[in-house]
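So the protein lines, in turn, are chains H and V.
Those letters in the first sequence? Residues 66 to 257, per this note's numbering, in order.
Those letters in the second sequence? Residues 66 to 257, per this note's numbering, in order.
We put the beta carbon where it would ideally sit given N, CA and C, even for glycine.
The structure displayed is predicted, hence computed values, not measured ones.
Number of protein chains: 2
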Amino acid sequence: MYQLLTKYLREKISLTNAQCELIFSLFQPRMVNRNEIFFNKGMICQHFYFVNKGCIRMFYIHSDGTEFTRYFAFEKNFGTALASFITQKPSLEYIQAIEKSEVLSILRNDFYQLLEIIPSLEKIYRHILENAHDINSQRIESLLGKNAKDRYLSLLQQNPEIFQRIPNKLVASYLGISPETLSRAKAQVQIY
Amino acid sequence: MYQLLTKYLREKISLTNAQCELIFSLFQPRMVNRNEIFFNKGMICQHFYFVNKGCIRMFYIHSDGTEFTRYFAFEKNFGTALASFITQKPSLEYIQAIEKSEVLSILRNDFYQLLEIIPSLEKIYRHILENAHDINSQRIESLLGKNAKDRYLSLLQQNPEIFQRIPNKLVASYLGISPETLSRAKAQVQIY
């Protein structure tokens, strides 16, 4: 159950077996079905999720009904409605499983307490936050300026796995463009 | 010189005098003039700045010439071109002093080494990153959906100091709207 989490943690920091046991005792497994939305906008986020199997996404729905995906978390990655998790304000994001998935969830209070008990875990959380910042900065820049083709090319370079595993419609929602525009961008790039 | 930094740090974590001395030895003061852009787009960010006096802002310039401010850092706050600082990729942001300012700057390598030597500093950096994430999430949500009046009201609630200290034109660049639209939003709100 905890092999992948162990691998993830031990690739980044040293942990004793006792520390690992403590960490595992605080993570509960949860199965989620394909397309299941297991965290809703308006809720206050109390969990951090480690994707043990499958893939989840964090996304917004605009007032006009279009979706905007902030982040895809594949196996061996953490993900949550991070802004609400941090601020304890109602979430603007939803969390959905893209595939049938297994997540290991830890309660927010337990998570922050773990950071106190095992300070080296701060480094892991630091990397998660730094990564989230990098992604969000790219999203802001993308929303502000880049055209569809450039957004497609950036993503292709940064995270090609997304194109292999995620349906076109959701990739478009990640790029903030329509599926038709994404198809045109792809075609345009192939011509070059 | 280091009173404000000491206050900032000691409000958040416990530090011995020896630890404080080590920290101070790595921060260099730098004076910047009003409106001076002291870090440019395209550069790779090697410093973290603590605002000792004045105010700095991190901002983008779009291809059409309009500006977009990501963050204002007033006295007793840290700020930098965070995405480039983290990833060591060329920055999309500029850093400018809004007022005549004094910043204390620390080299990126020294900063990360300090985190290794004084692990409790991780908590400070965690708060900086969590705050940056919160701000960026609000910016994304704002860019995606909110109208000018709602953006204005959100900011008024979250950070009224901005309206007291920052010129209207720059506040508008922070909200991603034109100065004229900001004036209309303000007028609209006063009517209610």
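**Item:** Integer-rounded CB distance, given that residue 185 (chain V) should sit under 8 Å from residue 113 (chain V)
**Value:** With a Cβ gap of about 17 Å, residue 113 (chain V) and residue 185 (chain V) do not count as contacting.
**Asked** Interface residues of chain V around residue 162 (chain H) at Cβ under 8 Å?
**Response** The contacting residues do not exist; residue 162 (chain H) stays about 21 Å from chain V at best.
**Asked** Is the shortest distance between the beta-carbon of residue 80 (chain V) and the beta-carbons of chain H less than 8 Å?
**Response** No, no contact with chain H.
**Asked** What does residue 152 (chain H) touch in chain V if you count any residue whose Cβ is under 7 Å from its own?
**Response** Here the neighbours are 199.
**Request:** Counting only runs of 3+ residues fully inside the segment 89-130 of chain H, write out the beta strand (DSSP E) ranges in chain order.
**Result:** Scanning the segment 89-130 of chain H from its first residue to its last, the whole beta strand (DSSP E) runs of 3-plus residues come out as 93-97, 102-104, 112-118, 120-126.
**Request:** Return the chain-ordered list of same chain residues with a C-beta closer than 8 Å to the C-beta of residue 244 (chain V), the five sequence neighbours on each side being excluded.
**Result:** Same-chain partners within the cutoff: 233, 234, 237.
**Proximity test, Cβ basis, 8 Å: residue 235 (chain V) and chain H** = It does not: the Cβ of residue 235 (chain V) has no partner Cβ on chain H nearer than 8 Å.
**Test: residue 191 (chain V) CB closer than 8 Å to a CB of chain H** = The C-beta of residue 191 (chain V) comes closer than 8 Å to at least one C-beta of chain H.
**Asked** Do the segment 190-208 of chain V and the segment 186-194 of chain H make contact, defined as three or more Cβ pairs closer than 8 Å?
**Response** Inter-segment contact for the segment 190-208 of chain V and the segment 186-194 of chain H is present: three or more beta-carbon pairs are separated by less than 8 Å.
**Prompt:** Hey, out of V:176, V:122, V:183, whose CA is closest to residue 79 (chain V)'s CA?
**Reply:** Ranking the options by Cα distance to residue 79 (chain V), first place goes to V:183.
**Distance, residue 132 (chain H) Cα to residue 202 (chain V) Cα** = Straight-line Cα distance between these residues: approximately 15 Å.
**Message:** Can you tell me whether residue 159 (chain H) is helix, strand or coil according to DSSP?
**Reply:** Here residue 159 (chain H) sits in strand by DSSP.
**Item:** Backbone CA spacing between residue 221 (chain V) and residue 175 (chain V) [nearest angstrom]
**Value:** Approximately 37 Å, taken between the alpha carbons.
**Asked** In the structure shown, what three-state DSSP assignment does residue 140 (chain V) receive?
**Response** Look at residue 140 (chain V) here: in three-state DSSP terms it is coil, with no helix or strand label.
**Message:** Which same chain residues end up closer than 8 Å to residue 155 (chain H) when comparing Cβ atoms and leaving out the 5 residues on each side of it in sequence?
**Reply:** 106, 107, 108, 109, 149, listed in sequence order.
**Request:** Quick one: using the 10 Å Cβ neighbour count with 16 as the cut-off for buried, is residue 102 (chain H) buried or exposed?
**Result:** Counting Cβ neighbours within 10 Å, residue 102 (chain H) comes out exposed, since fewer than 16 surround it.
**Request:** Could you tell me which of H:168, H:86, H:77, H:118 sits nearest to residue 94 (chain H), measuring between CA atoms?
**Result:** Of the residues H:168, H:86, H:77, H:118, the one whose Cα lies closest to the Cα of residue 94 (chain H) is H:168.
**Asked** What is the DSSP secondary structure of residue 152 (chain H), reduced to helix, strand or coil?
**Response** Correct three-state label for residue 152 (chain H): helix.
**Message:** Please identify the residue among H:88, H:122, H:69 whose C-alpha is closest to the C-alpha of residue 97 (chain H).
**Reply:** Of the residues H:88, H:122, H:69, the one whose Cα lies closest to the Cα of residue 97 (chain H) is H:122.
**Request:** With DSSP collapsed to three states, give me the class of residue 205 (chain V).
**Result:** Helix.
**Asked** From residue 215 (chain V) to residue 180 (chain H), what does the alpha carbon distance come to, in whole angstroms?
**Response** Cα to Cα, the separation comes out at about 36 Å.
**Prompt:** Does residue 148 (chain H) get closer than 8 Å to chain V when you measure Cβ to Cβ?
**Reply:** Taking CB atoms only, residue 148 (chain H) has a neighbour in chain V less than 8 Å away.
**Message:** Less than 8 Å between the C-beta atoms of residue 213 (chain V) and residue 247 (chain V), yes or no?
**Reply:** Taking 8 Å as the cut-off, the beta carbon of residue 213 (chain V) is found closer than this to the beta carbon of residue 247 (chain V).
**Message:** Is the beta carbon of residue 119 (chain H) closer than 8 Å to that of residue 165 (chain H)?
**Reply:** Cβ distance < 8 Å, so residue 165 (chain H) and residue 119 (chain H) count as in contact.
**Item:** Spatially closest choice to residue 100 (chain H) from H:82, H:157, H:163, H:81, by CA coordinates
**Value:** Closest option to residue 100 (chain H), Cα to Cα, is H:163.
**Item:** Whole-angstrom distance between residue 208 (chain V) and residue 242 (chain V), CA atom to CA atom
**Value:** Whole-angstrom Cα-Cα distance: 10 Å.
**Prompt:** Closer than 8 Å, CB to CB, is residue 172 (chain H) near chain V or not?
**Reply:** Not an interface residue.
**Message:** Only counting the same chain, and skipping five residues up and downstream in sequence, which positions put a Cβ closer than 8 Å to that of residue 226 (chain V)?
**Reply:** Around residue 226 (chain V), the same chain offers 139 as residues with beta carbons nearer than 8 Å, after the five sequence neighbours per side are excluded.
**Request:** Measure the C-alpha to C-alpha separation of residue 143 (chain H) and residue 229 (chain H) and round it to an integer number of angstroms.
**Result:** The straight-line gap from Cα to Cα measures roughly 20 Å.
**Request:** Using alpha carbons as the reference points, say which of H:111, H:68, H:152 lies closest to residue 160 (chain H).
**Result:** Proximity to residue 160 (chain H) across H:111, H:68, H:152 peaks at H:111, based on C-alpha coordinates.
**Prompt:** Taking DSSP as the reference, what is the three-state secondary structure of residue 76 (chain H)?
**Reply:** Residue 76 (chain H) falls in the coil class under three-state DSSP.
**Prompt:** How about residue 231 (chain H) and residue 92 (chain H): do their beta carbons lie closer than 8 Å?
**Reply:** No, Cβ-Cβ distance for residue 231 (chain H) and residue 92 (chain H) is not below 8 Å.
**Message:** Counting only beta-carbon separations shorter than 8 Å, does residue 157 (chain H) have a partner in chain V?
**Reply:** Interface with chain V (8 Å Cβ-Cβ cutoff): residue 157 (chain H) is included.
**Item:** Residues near residue 117 (chain V) by beta carbon distance below 6 Å, same chain, minus five either side
**Value:** Result list for residue 117 (chain V): 69, 167, 169, in chain order.
**Message:** Quick check on this structure: which residue in H:219, H:249, H:74, H:84 has the alpha carbon closest to the alpha carbon of residue 141 (chain H)?
**Reply:** Closest option to residue 141 (chain H), Cα to Cα, is H:74.
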